[in-house]
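First residue of the sequence shown? That's 53 in this note's numbering, and the numbers climb one at a time after it. Heads up: the structure comes next, in structure tokens.
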Amino acid sequence: MGWLDRVEDQVDALTKARALQEVSRSTEAYGLLEQVLRATSDPHARADALVQRLSALINLGRTAEYTRAIEEASAAVRDLAEPYLHGHLNALAALAAHHQGALDRCVTHLVKAARALGAVEEADRDTAWGWHDLAMAYSYLSFHGYALGAIERARQLGTAAGIPEETFAAPGIRLRNAVALDHTGDSDGCLRVLRDVGGDLGRFVTAGRADRLRPSSLAAYGYAAARRCALGDDIDPVPGLDPARLLGCGADSARARDMRQLGQVCLAIASGRPIEAVTRLDTVHVSAETLGAAEPARLRSMALGRAGDHAAAHRADRLAFRLAAQRHDRLRDVYIDGIAARIDHEEMRREAARFEGEALTDPLTGLPNRRRLERYIAAVVARGERVVIGVCDLDGFKAVNTRHGHHSGDLVLQRVAGVINRVMRRGDFVARYGGDEFVVVLPEAGMTEAAEVARRIDAAVRTEDWESLVPGTPVGVSIGFAEVGAGGPGQRDALGAAFEAADREMLRAKVRPRTA
């Protein structure tokens with residue numbers, strides 16, 4: 053017996069509202085649900101209508117109405133012993149909380165949703181949609197592994213309930229995974245995922261099932277194709293399903309509108325119109341949650357690079373990486389302090405501990421990463437020790453990736469990490485900040501010692517045998533140092549100011565004439 057079998061009133065209207073939302077006609081669904089709420093006195097029908105209404109509001113992006121809608125739905129669901137209803141409500145509440153920026157509350161709802169949906173004994177198509185919405189919440193929070201697991205569960209339940217496979221293809225989940233990889237420098241990984249997304253669309257077209265795809269899915273397929281083109285990837289045209297046409301789908305979905313605007317930027321870049329792309333970026337207004345706050349900055353970098361303004365492209369790329377890094381750090385804090393504190397399951401505790409360990413180390417170079425760097429500096433400064441911080445940015449690294457590919461670029465980063473580590477003083481700290489940027493910390497040192505360390509790093513990098521590793525593309529390093537102010541209440545501000553000063557010195561070094 054499915055959930056709607058327990059509902060005794062307005063079943064046809066509730067079923068129709070579901071169907072409307074599945075094809076991204078949430079405005080019509082919202083109106084129909086309001087009629088149900090005015091007409092019914094059945095607690096089950098009312099609870100279902102309020103949960104569905106929250107879903108419609110999220111699809112429409114009506115953020116200001118989320119809080120009241122969650123409160124009303126929670127009050128209606130509270131006394132009903134139906135795990136599906138509690139699970140779906142919490143999955144939607146997690147999405148709403150995420151769009152509102154309340155990440156700790158979002159995590160709490162994620163935990164409750166997974167528990168409730170996992171407790172459903174007679175899963176039906178509604179439970180499948182509950183898992184689908186939970187997968188979306190995981191995806192927007194950048195928990196991509198959990199998102200893929202939840203959407204697979206939705207697909208299994210949906211298949212058993214007679215829902216076509218393509219309904220839960222969920223290209224948006226893998227699309228967000230792909231752009232997150234690109235924001236942190238892994239463009240090859242991004243392209244691999246985007247090609248897989250395009251392969252799924254091709255498979256549905258070949259099987260004659262493309263007309264069953266949801267409008268919001270078509271928009272995600274369109275953005276995936278446009279993003280591939282912007283990265284310089286050739287795509288096989290699909291008759292009647294070119295990126296521009298796909299981007300026009302999505303009906304009244306707020307996220308589809310965002311992808312449509314950013315997709316036009318991608319197509320302008322791919323068509324050799326970078327100035328138009330930059331102009332579009334100056335005028336678009338998209339939610340930072342649709343594809344991440346870093347996506348507009350990353351697209352700006354790509355457009356400026358195509359326009360030949362490589363200095364501005366570099367600045368935009370650095371901004372994109374930092375936006376992504378800030379987001380990841382905040383999410384990790386929520387994950388460790390939120391999920392681990394709220395879940396009493398020992399397996400999840402072990403998973404949280406493993407995640408924290410991984411969060412402190414850069415997997416490519418084995419060096420401490422940005423998160424561990426900040427902890428280290430904070431501890432040193434809190435002890436009242438003198439600290440000098442240095443920013444090291446590689447010269448010629450873009451040419452390495454362009455001429456020899458990203459695998460060679462990874463080898464260069466690994467070798468540079470080893471070179472810097474080799475010439476540091478005992479007790480110094482080296483971290484990979486991200487991309488081709490490293491940070492060194494010199495405790496109990498001043499600018500005189502920093503100048504000597506900079507000289508040693510520069511000399512060691514210049515004398516490395518780059519010709520044998522990446523022929524024709526010499527690699528150098530630009531370095532800037534600054535002192536961190538004394539500890540105290542303003543320590544965090546002093547640290548930020550020192551980092552910005554070191555960054556400025558590094559950029560000056562990058563344009564300063566070099567001696568042979």
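For every residue, glycine included, the Cβ atom is placed at its ideal position computed from N, Cα and C. None of the values given here were measured: they were computed from a predicted structure.
For Gly-442, the enclosing beta strand (DSSP E) begins and ends at 439-447. Around the CB of Ala-363, fewer than 16 other CB atoms lie within 10 Å, so the residue is classed as exposed. For a cut-off of 8 angstroms, the C-beta gap from Val-317 to Leu-356 is around 12 angstroms, too long to register as a contact. With three or more CB-CB distances shorter than 8 angstroms, the segment 262-276 counts as touching the segment 305-314. Arg-105 and Arg-114 have their C-alpha atoms roughly 11 angstroms apart. Remark: C-beta atoms of Thr-500 and Gln-466 do not approach each other more closely than 8 angstroms.
Inside the segment 221-247, DSSP marks no whole beta strand (DSSP E) run of 3 or more residues. Just so you know, the alpha carbons of Cys-301 and Thr-211 end up roughly 25 angstroms apart. Taking a contact as a CB-CB distance under 8 angstroms, the pair Ala-99 and Gly-139 does not count as one, their CB atoms being some 13 angstroms apart.
Between Val-103 and Val-75, the beta carbon gap of about 19 angstroms keeps them out of contact (Cβ cut-off 8 angstroms). In the three-state DSSP reduction, Val-75 falls in the coil class, being neither helix nor strand. At a Cβ-Cβ threshold of 8 angstroms, Tyr-118 and Ala-148 count as neighbours. Arg-130 sits in coil when the DSSP states are folded into three classes, being neither helix nor strand. DSSP links Arg-484 through a beta bridge to Phe-490. In the structure shown, the three-state DSSP call for Gly-524 is coil. Rounded to whole angstroms, Arg-266 and Ser-353 show a C-alpha spacing of 32 angstroms. His-235 and Ala-199 have their alpha carbons spaced roughly 19 angstroms apart. Considered as a whole, the segment 136-183 harbours 155-170 as its complete alpha helix (DSSP H) runs of no fewer than 4 residues, in chain order. Ala-71 is classed as exposed because its beta carbon has fewer than 16 other beta carbons within 10 Å across all chains shown. If you draw a straight line from the Cα of Asn-142 to the Cα of Lys-164, it is about 6 angstroms long.
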